[in-house]
Amino acid sequence: MKSLEYAIETRRLNISYGDDRVIKDVDMKIPKKTVFALMGPSGCGKSTMLRAFNRILELNKDAKVSGEIRLFGENIYGPGVDPTEVRKETGMVFQYPNPFPHLTVFENVAIGLRLNKLVKSRDELEDRVHWALEKAALLEEVRDRLKNYPSELSGGQKQRLVIARALAMKPKILLMDEPTANIDPIGTRKIEELLFELKREYTIVLVTHSPAQAARVSNHVGFLYLGELIEVGKTGKIFESPGSELTEKYLTGELI
Amino acid sequence: MWKYDTRKIKEKLFLIAVAALTILAVFPLFHIVFTVFYEGIGTIMATGPTFITGTLGEGGIGPAIVGTLMLTLLSSIIGIPIALAVGIYAYEYPNSRIGKITTTLLQIMLEFPTILVGLFVMQLIVIPTGSYSVIAGALALAIIMMPYVAVYTAESMSQIPFTFREAAFGLGVNRAKSVFMIIAPIAKRGILTGLLISTAKVAGETAPLLFTAGGLYQSYPHSLTEPVGSISLLIYTLVQSPSAADHQMAWGAALVLMVIFLTVFIPIRMSLKEVKL
Amino acid sequence: MKIRKPDLFQIITYPAVIIVFAIFISMLITFLIRSLPAFDMYGFNLYAKNVWIATENPDNEKYGILAAIWGSIYTSVIAVGIALPLSVGYSIFVIDYAPKKVKNLLIILSDVMAGLPTIIYGVWAVFFLVPALKDNIMTPLYDTFSFIPLFSQPSISGFSIMSAGTLLGIMVTPFASAIIRESYQMIPFKYKEAAFSLGLTRYETAKLLFGYIKPAVYSGMILAFGRAIGETVAVSLVVGNAFNLTANMLAPGYTISSLIANQFGNAFIYGHMTSVLYASGLFLFVIGLAVNLLGIYMLRRWRKNVEI
Chain A
1 MKSLEYAIET RRLNISYGDD RVIKDVDMKI PKKTVFALMG PSGCGKSTML RAFNRILELN
61 KDAKVSGEIR LFGENIYGPG VDPTEVRKET GMVFQYPNPF PHLTVFENVA IGLRLNKLVK
121 SRDELEDRVH WALEKAALLE EVRDRLKNYP SELSGGQKQR LVIARALAMK PKILLMDEPT
181 ANIDPIGTRK IEELLFELKR EYTIVLVTHS PAQAARVSNH VGFLYLGELI EVGKTGKIFE
241 SPGSELTEKY LTGELI
Chain B
1001 MWKYDTRKIK EKLFLIAVAA LTILAVFPLF HIVFTVFYEG IGTIMATGPT FITGTLGEGG
1061 IGPAIVGTLM LTLLSSIIGI PIALAVGIYA YEYPNSRIGK ITTTLLQIML EFPTILVGLF
1121 VMQLIVIPTG SYSVIAGALA LAIIMMPYVA VYTAESMSQI PFTFREAAFG LGVNRAKSVF
1181 MIIAPIAKRG ILTGLLISTA KVAGETAPLL FTAGGLYQSY PHSLTEPVGS ISLLIYTLVQ
1241 SPSAADHQMA WGAALVLMVI FLTVFIPIRM SLKEVKL
Chain C
2001 MKIRKPDLFQ IITYPAVIIV FAIFISMLIT FLIRSLPAFD MYGFNLYAKN VWIATENPDN
2061 EKYGILAAIW GSIYTSVIAV GIALPLSVGY SIFVIDYAPK KVKNLLIILS DVMAGLPTII
2121 YGVWAVFFLV PALKDNIMTP LYDTFSFIPL FSQPSISGFS IMSAGTLLGI MVTPFASAII
2181 RESYQMIPFK YKEAAFSLGL TRYETAKLLF GYIKPAVYSG MILAFGRAIG ETVAVSLVVG
2241 NAFNLTANML APGYTISSLI ANQFGNAFIY GHMTSVLYAS GLFLFVIGLA VNLLGIYMLR
2301 RWRKNVEI
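Residue numbers (the numbering used here), protein chains in the order written: chain A, 1 to 256; chain B, 1001 to 1277; chain C, 2001 to 2308.
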């Protein structure tokens, strides 16, 4: 496959915190319009790598990145690249639902659009916010609560609000860092169903600590262990016949 | 059975000692509040409302009250914007070389002898212009206020969970907008509280005004370039006078100042969980 | 992906930071320049001798502020001596013993004391504290202990180094308390747990833990010293304003800050006094700077170690 066919491609990716190397020489290809699950035991570096994909890692001054990460063919770590622009193409969802507490539901979804001046009129803004909330399967539940604050929503609803906030920017890639780790089972199921819908239009990278979730939801999967990419490929194949012994151990729960 | 345990006795004594020290530390406040009230209320009652509205000749401290308000307001206008910007800078770059020096500098200026600030502003403004003025006094107060506001702001913002930072930047919003328009508003309560506390503190200052404001009590101030008085400055002058009548006025003025301070400071302080002075 | 744009954030904040630096540096330079004539005239004797002759003829003027320097240090030492037990006792009580509501109340009270306008302290001190000290402490001290140089002469009015020191002690205690209280609170709970599980009493535990935060206590005292030495109005009302260079704390004295506050008004009449006062201010500036830097440095270093 040519590189333009991949949503994300890493080449010789190394990430360190100070002297501590947490991602070691990773070459990984993530295809377009799929759910790609990034799994591995805690501490293996998956959240770190996810944050390199939208350069949010730089908020941590100790982090050093070397190698290439290409989004749709362009190296986002190339010279002269503005990380702010990279982040407009990607949307991020976090482990703990973090809608901005001081903004209403509506304003939460609108804020990215407003500050980045991506819409030209109030009407366009409202349309986009409604559209994003619908895409995140939240509109029905908050239709008459748009002026309320996120503190009144349930955990699952908050997370879908975060998803709407990200979707409003119309990114090409969604980066999700263990999005259901702190959500109740029903909310989790709703979000997983949402992923099935979204992957038709978006490339989704899903960091998860649950192999079961990866099996349920993803089409491709990559297994990271202590910073190294052990195995990557189609979900079905990896789960049925893992190539590496480590992968097998992880899938059967022997590695935590 | 009578059991004798030295450790238990030490324990009791320790509690008593520590409680006593605490009372000693805090008791002066009660005594001061009581004394000021007791001594001051007589004067105010005797003079009536004129005490608040009249000039010194009429037995009132009106011009001083207005002076305090003018000085506090002007110093806030001058000092707060700069201090907010510096505080936010210190929050955003805590580890850069300039950032660290800035934080240290702010801490130094927090405890700087206020009389020296007054002397500096005197040299800067009063001497070249040849006159005491509201502007000079306000500038001195602004310099004193700035480190407080800056430190409160930086502290309030650094208490915001990191995840909101990630969320804001993750939306592709640039640093200026992320920090000023998303993160700072989350901290607005803490920042506002810091502003109010710093303003209250500065309103009660005396030393920086000694050689900048000049004092004006026989008539009301009406110009920024002319001398002005303040309640604190007036008290200082009155206390040093030999006249007992002046002393009575001083108590009355002290009561007014104290009431203003407490009614502003206590509610604000109680609405915040942790405060650093 | 486009090229990096200029950072709006820096454009907004840099000027403010520059202004703050500029203010500090200008202050330092102003004091240096305005002090030069005095250094020219008197050299180091300005700080080393106790003499104050202000006359119309500039050639006959003679100044040496040793008494004020001595007084500043003496009163601040007394202040720290008072603040130390009070703030330590207060901190232990607030954190180890006080129930939650009392704890909050005590902390608020301390903060109010820290912010209360100093002139109010001054007025209260002039009419209450000084007479009370004179009658109940200073006179008995002289009567019983006048053979000790610290109490060698009786106090006439009560306005003295001791009064100033005591007032300062009361005023800086809340400040020191905040620092110590915070540091005491920062001790990881596991150490307290360990102490209690060994069967130590509260007294013994507090003693042990205070050993742990000793550097913080030192910093607190150093910073309180810096605070005390800079205080002006309250001190100038009770210190007596006399050029006394004596160990007797019952005698009236001077501090650098009250010297400046008292003398500056009429300094322009005399040829050299203004410059001398600026030189005094410079001395205060430098002491204040050194003390604060030391205190901040010690506190920061200790905090870094504690976080492990």
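Even glycine gets a Cβ: it sits at the ideal position worked out from N, Cα and C.
- Residue range 2273 to 2306 is occupied by the alpha helix (DSSP H) that includes residue 2273/C, with no beta strand (DSSP E) assigned at that position.
- Interface residue (Cβ-Cβ distance to chain C less than 7 Å): residue 1014/B is classified as such.
- Identification of chain B residues near residue 96/A by a Cβ-Cβ cut-off of 7 Å yields 1163, ordered along the chain.
- When the beta-carbon positions are compared, residue 1113/B and residue 2284/C come within less than 7 Å of each other.
- Looking at the backbone, the Cα of residue 1019/B and that of residue 2273/C are separated by about 49 Å.
- Within chain C, the C-beta atoms nearer than 7 Å to that of residue 1201/B come from 2115, in chain order.
- In the three-state DSSP reduction, residue 196/A falls in the helix class (H, G or I).
- If one requires a minimum length of 4 residues, the alpha helix (DSSP H) runs lying completely within the stretch 2021 to 2069 of chain C are 2045 to 2048, in chain order.
- Taking 3 residues as the minimum length, the stretch 1120 to 1146 of chain B contains no beta strand (DSSP E) run wholly inside it.
- At least one C-beta of chain B is nearer than 7 Å to the C-beta of residue 2109/C.
- Residue burial annotation: residue 2163/C is buried, with at least 16 other C-beta atoms found within 10 angstroms of its C-beta.
- Assigned with DSSP and collapsed to three states, residue 2231/C falls in coil, not helix or strand.
- For the stretch 1210 to 1247 of chain B, there is no continuous beta strand (DSSP E) assignment of 3+ residues that stays within its boundaries.
- Listed by position along chain C, the residues whose Cβ is nearer than 7 Å to that of residue 1206/B are 2118, 2119, 2233.
- Residue-level contact by beta carbon fails for residue 233/A and chain B, as no gap is shorter than 7 Å.
- Close partners of residue 101/A in chain B (Cβ separation under 9 Å): 1164, 1186.
- DSSP places residue 233/A in the uninterrupted beta strand (DSSP E) bounded by 228 to 234.
- Residue 2143/C and residue 2249/C have their alpha carbons spaced roughly 14 Å apart.
- Taking the Cα positions, residue 2076/C is about 39 Å away from residue 1219/B.
- For residue 1235/B, the nearest beta carbon of chain C is closer than 7 Å to its own beta carbon.
- Taking 7 Å as the threshold, the shortest C-beta distance from residue 2257/C to chain B falls below it.
- In the structure shown, the three-state DSSP call for residue 225/A is strand.
- The DSSP-derived three-state label of residue 208/A is strand.
- Taking residue 2066/C as the centre and dropping the five residues before and after it, the same chain places the C-beta of 2047, 2048, 2049, 2050, 2245 closer than 7 Å to its C-beta, in chain order.
- Taken in chain order, the whole alpha helix (DSSP H) runs of length 4 or more contained in the stretch 2135 to 2219 of chain C are 2139 to 2145, 2161 to 2186, 2189 to 2197, 2202 to 2212.
- Interface annotation for the stretch 2048 to 2069 of chain C against chain B: empty, criterion Cβ-Cβ distance under 7 Å.
- For residue 169/A, no alpha helix (DSSP H) encloses it, and the DSSP letter there is neither H nor E.
- Bounds of any beta strand (DSSP E) do not take in residue 1026/B; it lies within the alpha helix (DSSP H) bounded by 1006 to 1047.
- Minimum Cα-Cα distance from residue 2113/C among the listed residues 2209/C, 2137/C, 2216/C, 2176/C corresponds to 2176/C.
- Residue environment: residue 1152/B is assigned as buried (16 or more neighbouring CB atoms within 10 Å of its CB, all protein chains considered).
- If you check each beta-carbon in the stretch 1031 to 1043 of chain B against every beta-carbon of chain C, the ones closer than 8 Å belong to 1031, 1032, 1035, 1036, 1039.
- The C-alpha of residue 2234/C lies about 36 Å from the C-alpha of residue 1158/B.
- For residue 1259/B, no Cβ of chain A is located within less than 7 Å of the residue's own Cβ.
- Contact between the stretch 217 to 229 of chain A and the stretch 40 to 54 of chain A is present: three or more C-beta pairs spanning the two stretches fall below 8 Å.
- Cβ-Cβ distances below 6 Å link residue 1087/B to 1150, 1153, 1154 in the same chain, with the five nearest sequence neighbours on each side left out; the list follows chain order.
- For the pair residue 2011/C and residue 2296/C, the Cα-to-Cα distance works out to about 30 Å.
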